[in-house]
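A quick write-up on the structure given underneath.
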Amino acid sequence: MDMIETKALEFAYPAEEGEKPVLALRGVDTAIEKGSFVVVLGHNGSGKSTFAKSLNAILLPCGGKVYVEGMDTQDEACLLEIRRRVGMVFQNPDNQIVANVVEEDVAFAPENLGVASEEIRRRVDDALAAVDMTAFMTHAPHLLSGGQKQRVAIAGVIAMEPECIVLDEATAMLDPIGRQEVLSAVHKLNREKDITVVLITHHMNEAEEADRVIVMDDGRIALDGTPKEVFTQVEPLRTMGLTVPDTVDLLDRLRKDGLDVPLDALTVDECAAAITAALAKN
Amino acid sequence: MEPILQVKDLTHTYGAGTPFQRSAVEHMSFDVNEGEFLGIIGHTGSGKSTLIQHLNGLLQPTAGEILLRGKNIWAEPKKIREVRFKVGLVFQYPEYQLFEETVYKDIAFGPANQGKTGDELDHAVREAAKLVGIRDDQLEKSPFELSGGQKRRVALAGVLAMEPEVLVLDEPTAGLDPAGRENLMANIRDYHRNKGKTIILVSHSMDEIARNVDRILVLKNAHVLMQGTPAEVFARGEELLSAGLDVPQITRIAMELKRRGVDIDPAVYTVEALERQLLALRKGGAGC
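Right, here's the structure in full:
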């Protein structure tokens with residue numbers, strides 16, 4: 001069963017007077033499988049954020065369709081249900097926190113959904129535990145670090161008990177530690193609660209552990225596959241203005257130098273093991 | 283030669299005398315040499331931002347001093363403005379500080395305040411715009427019509443137009459995509475090469491630091507943990523990792539290879555250098 005399906009999805013932002021609108025998405029056909037961890041990569045202007053915002057009806061298609069568990073995002077009657085099922089976390093942690101106390105912020109969405117108060121208590125406790133922020137329950141959000149704030153924002157989404165979370169460059173403004181905190185939190189949600197994750201980013205290394213990597217370029221899907229399949233496409237990635245992981249770059253060079261190493265040893269450990277083995281054979 | 287900037291036993295304490303008293307910088311000492319490209323790395327909370335705000339006198343030391351060409355910058359507090367012209371600071375996300383009607387006026391704001399007028403001002407603006415790759419036809423646009431990366435270039439040009447002797451950049455590439463990061467760093471490298479001015483680059487990214495700077499200062503918990511050339515610093519990779527800091531991915535591969543018994547110097551940080559070492563090993567091995 002697919003969580004989200006897009007059919008020939010097109011989107012154009014309103015153009016200035018007298019100018020022709022430019023398509024930000026030009027026919028995206030894809031399906032996000034339930035329970036999967038999908039990373040969407042692309043340079044600025046590739047359409048990846050527009051794609052993300054189309055997944056829970058923040059942006060509506062100009063052409064084609066988006067279905068969330070079969071519901072058409074253009075059907076206004078389904079809007080509330082779609083937003084409840086697909087939660088979104090944005091780039092700037094400071095723009096998405098509304099309350100003065102962490103637990104109140106997390107309770108904001110379920111309160112608005114009219115959830116009973118004991119149930120809200122349970123959901124808030126669960127959500128904060130899921131992102132390891134229980135200890136900060138009564139803290140003021142503005143005193144937290146960027147990574148902690150993003151985890152509160154994620155908890156706020158989880159409290160709606162969504163089936164899918166879309167993170168739109170949610171790690172871009174964080175330092176390496178903050179980025180790692182957020183990544184481990186979403187991996188844990190995917191693993192333990194079977195929540196579908198769509199992670200939009202331009203950090204290649206965040207894609208290493210994904211089930212699937214989609215690379216967008218010029219409003220279309222350019223590459224789609226497992227991390228190993230996608231990151232070994234050295235030349236196409238470079239022409240699209242993306243860098244390949246240093247592991248693949250090194251292996252690619254060594255292969256051209258005539259050393260018998262595989263190209264798809266993505267992680268540092270795999271890469272070192274492959275090179276050690278090749279040198280021993282020599 | 284005398285260092286252009288000297289930080290001597292600098293301490294800065296926030297909230298002194300309150301229960302929230304905390305020293306963000308404690309007894310830091312280091313020199314910055316004329317014309318060098320210095321990288322400063324450390325976690326959030328390591329004291330980087332507090333430190334650099336002392337370099338142009340935005341913050342006053344709780345203890346210790348900052349010497350610019352041998353002279354304490356706070357010797358005459360009324361002249362601190364002069365220091366701010368000599369040490370140009372580009373903050374994180376500087377595009378949020380753009381405010382003028384046109385790109386030209388925004389870049390001209392700093393040099394005009396320095397007292398530049400007429401042709402001299404015009405020259406400073408155009409030269410700075412050129413350095414960061416802003417085209418002439420973009421100068422009359424509103425800065426808010428530009429893309430995020432271009433806005434950041436305009437903000438950088440506004441500081442370059444003041445022709446500072448020391449340029450301090452706080453996370454200049456944060457939030458940009460890989461191509462945008464590389465373009466901006468290429469502009470900064472060109473500026474360094476052509477003008478020979480001193481640059482201090484603050485970054486979270488070990489990879490970015492490793493690829494660009496002559497010397498690295500590693501901060502941890504308000505102290506200087508180590509300083510040296512990239513090779514010297516990354517030779518202490520294990521120490522960096524155990525201090526919770528990152529090392530470049532290439533250095534990590536080299537460390538892992540060494541752990542697996544490959545005879546390699548782990549103090550490498552570029553793909554090319556590691557490739558060369560491995561090829562040399564293969565040639566050596568083939569001879570046996």
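From first to last, the protein sequence lines are chains A and B. 152 is the number that the working numbering gives to position 152 of the first sequence; each next residue is one higher, with no gaps. 351 is the number that the working numbering gives to position 69 of the second sequence; each next residue is one higher, with no gaps. For every residue, glycine included, the Cβ atom is placed at its ideal position computed from N, Cα and C. All figures in this text were calculated on a predicted structure; none of them were measured in a lab.
Please go through the same chain and pick out, in chain order, the residues whose beta-carbon is closer than 7 Å to the beta-carbon of residue i, but skip the five residues on each side of it.
i, result
"V299 of chain A", "Not covered by the structure: residue 299 of chain A. The range shown for chain A is 1 to 282."
"V230 of chain A", "V213, V215, L223"
"G569 of chain B", "Below a pLDDT of 50, predicted positions are generally treated as unreliable, and G569 of chain B, at 40, falls in that range; no measurement from the model is reported."
"I389 of chain B", "V407, A410, A411, V436, A439, G440, A443"
"I177 of chain A", "G147"
"R121 of chain A", "none"
"D194 of chain A", "G35"
"G329 of chain B", "A306, V307, L501, A504"
"Q374 of chain B", "D452, E453, A456"
Thinking residue i and residue j are a contact (beta carbons under 8 Å), I'd like their distance in whole angstroms, please.
i, j, result
"V66 of chain A", "S54 of chain A", "5 Å"
"R471 of chain B", "L259 of chain A", "With a Cβ gap of about 31 Å, R471 of chain B and L259 of chain A do not count as contacting."
"E235 of chain A", "I200 of chain A", "Between I200 of chain A and E235 of chain A the Cβ distance is about 24 Å, and since that is not below 8 Å, they are no contact."
"M444 of chain B", "F367 of chain B", "6 Å"
"P512 of chain B", "A536 of chain B", "Their Cβ separation, rounded to whole angstroms, is 13 Å, which puts P512 of chain B and A536 of chain B out of contact at 8 Å."
"I416 of chain B", "Q396 of chain B", "That belief does not hold up - the Cβ atoms of I416 of chain B and Q396 of chain B are roughly 20 Å apart, past 8 Å."
"M3 of chain A", "E163 of chain A", "6 Å"
"F574 of chain B", "L466 of chain B", "The first residue shown for chain B is 283 and the last is 570, placing residue 574 of chain B beyond what the model contains."
"I323 of chain B", "V529 of chain B", "Rounded, the Cβ-Cβ distance is 10 Å, inconsistent with contact."
"L189 of chain A", "A130 of chain A", "6 Å"
"G510 of chain B", "R497 of chain B", "7 Å"
"A135 of chain A", "A155 of chain A", "Not confirmed; about 13 Å, so no contact."
"L59 of chain A", "F11 of chain A", "6 Å"
Under the criterion of a Cβ to heavy atom distance below 7 Å, does residue i qualify as lining the ligand FAD?
i, result
"F11 of chain A", "Inclusion of the ligand FAD in the displayed structure is not the case, the ligand content being empty and no account of it being possible."
Take the Cβ of residue i as the centre, count every other Cβ of all protein chains shown within 10 Å, and call the residue buried at 16 or more, exposed below.
i, result
"M88 of chain A", "buried"
"N100 of chain A", "exposed"
"G352 of chain B", "exposed"
"F302 of chain B", "exposed"
"L143 of chain A", "exposed"
"V248 of chain A", "buried"
"T480 of chain B", "buried"
"V495 of chain B", "buried"
"Y13 of chain A", "exposed"
"E453 of chain B", "buried"
"E557 of chain B", "buried"
"P376 of chain B", "buried"
"A363 of chain B", "One point to set straight first is that residue 363 of chain B is Arg, not Ala, in the sequence displayed. The residue in question, R363 of chain B, is exposed, as its Cβ has fewer than 16 Cβ neighbours within 10 Å."
"Q150 of chain A", "buried"
"Q233 of chain A", "buried"
"D489 of chain B", "buried"
"M1 of chain A", "exposed"
"L80 of chain A", "exposed"
"N56 of chain A", "buried"
"Q531 of chain B", "buried"
"G299 of chain B", "exposed"
"E514 of chain B", "exposed"
"T138 of chain A", "exposed"
"V365 of chain B", "buried"
Tell me which residues share the same chain as residue i and place their Cβ nearer than 8 Å to its Cβ, disregarding the 5 neighbours each side in the sequence.
i, result
"R518 of chain B", "M508"
"I348 of chain B", "L287, Q288, V289, K290, L292, H336, L337, G339, N354, I355, W356"
"V372 of chain B", "A437, L438, V441, L449, V450, L451, D452, P454"
"N44 of chain A", "H202"
Given residue i, which residues of its chain have a CB within under 6 Å of its CB, disregarding the five upstream and five downstream residues?
i, result
"V186 of chain A", "V197"
"L167 of chain A", "V89, L199"
"Y473 of chain B", "L413"
"P460 of chain B", "none"
"A172 of chain A", "Q91"
"A52 of chain A", "V166, D168, I200"
"A345 of chain B", "T293"
Taking 8 Å as the CB-CB cut-off, is residue i touching chain D?
i, result
"G35 of chain A", "This model lacks chain D altogether, as its protein chains are A and B."
Next item on the list: Quick one: which residues of the stretch 118 to 143 of chain A get their C-beta closer than 7 Å to a C-beta of chain B? List them in chain order.
Entry: none
Margin query: Against chain A, which members of the stretch 513 to 526 of chain B pass a CB distance test of less than 8 Å?
Written below: G526
Next item on the list: Using a Cβ-Cβ cut-off of less than 8 Å, list which residues of the stretch 241 to 270 of chain A approach chain B; keep chain order.
Entry: Correct list: G241, L242, T243, P245, D246, T247, D249, L250, R253, L254, D257, L259, V268, D269.
Notebook entry, point to check: For the stretch 300 to 332 of chain B, which residues have a CB atom closer than 7 Å to at least one CB atom of chain A, in sequence order?
Noted result: H325, T326
Checklist line | chain A contacts from the stretch 445 to 463 of chain B (Cβ-Cβ distance under 8 Å) | finding: A456, G457, L458, D459, P460, A461, G462
Item checked: Contact set between the stretch 172 to 198 of chain A and chain B, restricted to residues whose Cβ is under 8 Å from the partner -> A172, M173, D175, P176, I177, G178
Margin query: Extract the residue ranges of the beta strand (DSSP E) inside the stretch 65 to 132 of chain A, only unbroken runs of 3 or more that lie entirely within it.
Written below: For the stretch 65 to 132 of chain A, the full-length beta strand (DSSP E) segments reaching 3 residues or more read 86 to 89 along the chain.
Notebook entry, point to check: What residues in the stretch 478 to 512 of chain B bring their beta carbon closer than 9 Å to a beta carbon of chain A?
Noted result: H486, S487, M488, D489
Checklist line | Cβ-based contacts, 7 Å cut-off: residues of the stretch 533 to 567 of chain B near chain A | finding: Contacts with chain A (Cβ-Cβ distance below 7 Å) from the stretch 533 to 567 of chain B involve R534, I535, E538, L539, R542, V544, V553, L556, E557, L560, L561, L563, R564, G567, listed in chain order.
Next item on the list: Give, in chain order, every residue of the stretch 37 to 62 of chain A whose Cβ lies closer than 9 Å to some Cβ of chain B.
Entry: So the close ones are G42, H43, N44, G45, S46.
Next item on the list: Scan the stretch 397 to 472 of chain B and note each continuous beta strand (DSSP E) run of 3 residues or more that stays entirely inside, going in chain order.
Entry: 448 to 452
Notebook entry, point to check: Curious, which full-length alpha helix (DSSP H) runs of at least 4 residues does the stretch 336 to 394 of chain B contain?
Noted result: Runs of alpha helix (DSSP H) with 4 or more residues, each lying fully within the stretch 336 to 394 of chain B, are found at 362 to 368, listed in chain order.
Item checked: Positions along the stretch 210 to 239 of chain A whose CB lies within less than 8 Å of some CB in chain B -> Along the stretch 210 to 239 of chain A, none of the residues has a CB nearer than 8 Å to a CB of chain B.
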